[in-house]
Structure formats: structure tokens, C-alpha cells
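Since the structure comes first, as C-alpha cells, the remarks are kept for the end.
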Amino acid sequence: MNKNFYKIRRNRMISGVLAGLSDRWDLDVTLVRFIFAIFTIANFGLGIIIYIILAYILPTKEDIEAEMYGTGPRKMKEAEPIDDDKGWFW
Numbered sequence: 041m042n043k044n045f046y047k048i049r050r051n052r053m054i055s056g057v058l059a060g061l062s063d064r065w066d067l068d069v070t071l072v073r074f075i076f077a078i079f080t081i082a083n084f085g086l087g088i089i090i091y092i093i094l095a096y097i098l099p100t101k102e103d104i105e106a107e108m109y110g111t112g113p114r115k116m117k118e119a120e121p122i123d124d125d126k127g128w129f130w
């Protein structure tokens, strides 16, 4: 199991941050959303700011798995620079 935090596209309402947290901690997504709503109300909207930051920072679980199993985009190798000192034939 992945120990990092991530978002999930499946079972999301806005960006999937809370669905990712519920999957990470094996909790019901409704319970995590309820706790988030209580936290946001109790802290005068701080939860919304944290949610926006996490939505921007966290990768999606699908992208992590695609990269892990090699189904993601191909990584290009950097080309080596050409030495101008050497000619083609001499």
C-alpha cells in the first residue's frame, strides 16, 4: 500500500482530495466529508484554504500507479551535446 497522500478521480465531488484521504485511511468517504465540514465551520473557513492547497499539490492515485507500473507517459532521454571540435571524418 502506498504511504503517501493522493487524490482519487473515482468517488470525488470536487477534486478528489477527501476521497483520497478516506481511501488512504480506510474510512468511509461520507465520514471524512462530515469531519471536514465540521472542521471548516469550526475554524472559520480554514478547511477550504487547506483543501485548495491540497487539490493543487497532491497527485492523483491513478497517475502514481501509471508511473509505477510503466503505463504513464514515456520519459525522454536527454541528448548528449555535440562536440564542435571534432569533424565528421577527420
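Sequential numbering from 41 applies to the sequence shown in my numbering. Note that the Cβ used here is the ideal one computed from N, Cα and C, for glycine as well.
Check: Are the CB atoms of residue 69 and residue 44 nearer to each other than 9 angstroms?; Outcome: no
Check: Relative to the alpha-carbon of residue 73, which residue among 83, 59, 99 has its alpha-carbon at the smallest distance?; Outcome: 59
Check: With the cut-off set at 9 angstroms, would you say residue 71 and residue 79 are in Cβ contact?; Outcome: no
Check: Can we count residue 68 as close to the ligand GTP, meaning its CB is less than 8 angstroms from some heavy atom?; Outcome: This structure does not include the ligand GTP; it has no bound ligands of any sort.
Check: In terms of DSSP beta bridges, what is residue 100 paired with?; Outcome: 47
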